[in-house]
Amino acid sequence: MYTWISKEPTKLPIKLPDGKLRYQESDNDSNEDISEFIPIQNISSNSDITQKKEELATIAQMIIEDPENNIRQLKVLREISASNNLTIKKLALLTQLVVYKDIIPGYRIRQLTDKEKTTKVSEEVKKLRHFEQNLVSNYQAYLKSLETELKGVNYLLALFSQRSLLIQLPSMICQEHTITETALKCMCDLLISVTHFNFRLNLMMTIVSRLSTSKFTKMSAMCCDTIIEIFKNDESGEASLDAVKLITKMIKSKSYVVHEEVLNTFLHLRLKEELSVKTLNNEDSFYDKTKGKKRKFDKQGPKKHLSKKLKKLYKERKEVEKDMKEAEAVVNREEREKT
11 MYTWISKEPT KLPIKLPDGK LRYQESDNDS NEDISEFIPI QNISSNSDIT
61 QKKEELATIA QMIIEDPENN IRQLKVLREI SASNNLTIKK LALLTQLVVY
111 KDIIPGYRIR QLTDKEKTTK VSEEVKKLRH FEQNLVSNYQ AYLKSLETEL
161 KGVNYLLALF SQRSLLIQLP SMICQEHTIT ETALKCMCDL LISVTHFNFR
211 LNLMMTIVSR LSTSKFTKMS AMCCDTIIEI FKNDESGEAS LDAVKLITKM
261 IKSKSYVVHE EVLNTFLHLR LKEELSVKTL NNEDSFYDKT KGKKRKFDKQ
311 GPKKHLSKKL KKLYKERKEV EKDMKEAEAV VNREEREKT
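Note that the numbering used here has the sequence shown beginning at 11, numbered continuously upward.
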């Protein structure tokens, strides 16, 4: 995205007696041997960008139509995303996002053991394994490239620590910020769309780290919205548990000084809906079953050994206890909804 060029002499030349001109060296000793780090501008013509768009669309269509036979094309897309042109880079990153969302299967792919690698299998299984392992490796490389783009602004701040180069910093950070926002958008989209797939924890760590900033920015809001979507759509609770652990760890590391929106994400955890009266009753039923014979004896014992009057009182007491449990469950649910 950036290139190095040498600085030109800044002082006027001196005319010698023989009529020749001699250029003077700059007086600024602090700038000796320092090259000027400037961004490559988006000077590509519209036709070049249009041509690259068509190329990206063609490759993406090939992969989506037949992922197993065209899995190698993922590397081609990644190479295009390494372009120095800002527009082409963004297009390539977004194209990869669409492709991965389409071809990623509905299950997590595990690494093959040494024994499985040496075991003879059918051609169909061999082809599937080849596709899965290539998909995981390319997906991992894509996530690494996104993470690299996210670190772009911090890299520039460290690079331009010298005052002589600070004048170029604002425009360059503006360019880098746009690609950083695109990279973060891709990661958030992947975490929501393919939560079940590999490297979920890596995505969460990157996104949660963006919530630790003291200033709540547009990208911070994007990360909060992503975590909220995870909480809302998580059926098993595994992804929510991972996110809660990472967020609480981050909050502790910041000495509990975080933006209120970070804490508000916890309000979207599926606790109020899951802990309904029906769920509580199911838990009571499960608790009864775990008691086994002892619970059965409690139910049958009084009926066998008590008089009719005491049996009637026993039955009425059980009904009252049942009504009290249901009433408590309703009250507890209402209190949770208020909070």
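Quick reminder that beta carbons are idealized off the backbone N, C-alpha and C, glycines included.
Residues in the same chain with beta-carbon distance under 8 Å from T236, minus the five sequence neighbours each way, listed in chain order, please. If the five residues before and after T236 are omitted, its C-beta is found closer than 8 Å to the C-beta atoms of C198, L201, I202 and I217, all from its own chain and listed in chain order.
Can you tell me the Cβ-Cβ gap for T105 and L87, rounded? I've got them flagged as a contact below 8 Å. The beta-carbon distance between T105 and L87, rounded to whole angstroms, is 6 Å. This is short enough to meet the 8 Å contact definition.
Under three-state DSSP, which class holds T123? In the structure shown, T123 falls within a coil segment according to DSSP collapsed to helix, strand and coil.
Rounded distance between the beta-carbons of S250 and I240, thought under 8 Å: Rounded to whole angstroms, the Cβ separation of I240 and S250 is 6 Å, and the two are in contact under 8 Å.
Does DSSP classify F226 as helix, strand or coil? Coil, per DSSP.
Assuming T190 contacts E157 under a Cβ cut-off of 8 Å, what Cβ separation, rounded to an integer in Å, is found between them? Not quite, the Cβ-Cβ distance comes to about 11 Å (not below 8 Å), so this is no contact.
For R118, count neighbouring C-beta atoms within 10 Å of its own C-beta (all shown protein chains included) and say buried if the count is 16 or more, exposed if not. So R118 counts as exposed.
From S132 to N80, what does the alpha carbon distance come to, in whole angstroms? The straight-line gap from Cα to Cα measures roughly 21 Å.
What did DSSP end up calling H278 once you bin it into helix, strand or coil? Of the three classes helix, strand and coil, the one that applies to H278 here is helix, per DSSP.
Leaving out five residues before and five after E338 in sequence, what residues of the same chain have Cβ atoms less than 6 Å from its Cβ? Within the same chain, E338 has no close Cβ partners at all.
V267 in three-state terms, based on DSSP: V267: coil per DSSP, three-state reduction.
Classify A92: buried if its beta carbon has 16 or more other beta carbons within 10 angstroms, exposed otherwise. With fewer than 16 other Cβ atoms within 10 Å, it is exposed.
Beta-carbon gap between E78 and K127 smaller than 8 Å: Cβ distance not < 8 Å, so E78 and K127 don't count as in contact.
Roughly how many angstroms lie between the CA atoms of V330 and K321, to the nearest whole one? Distance from the CA of V330 to the CA of K321, rounded to the nearest whole angstrom, comes to 14 Å.
Are the beta-carbon atoms of I74 and D124 separated by less than 8 Å? The answer is no: Cβ separation not under 8 Å.
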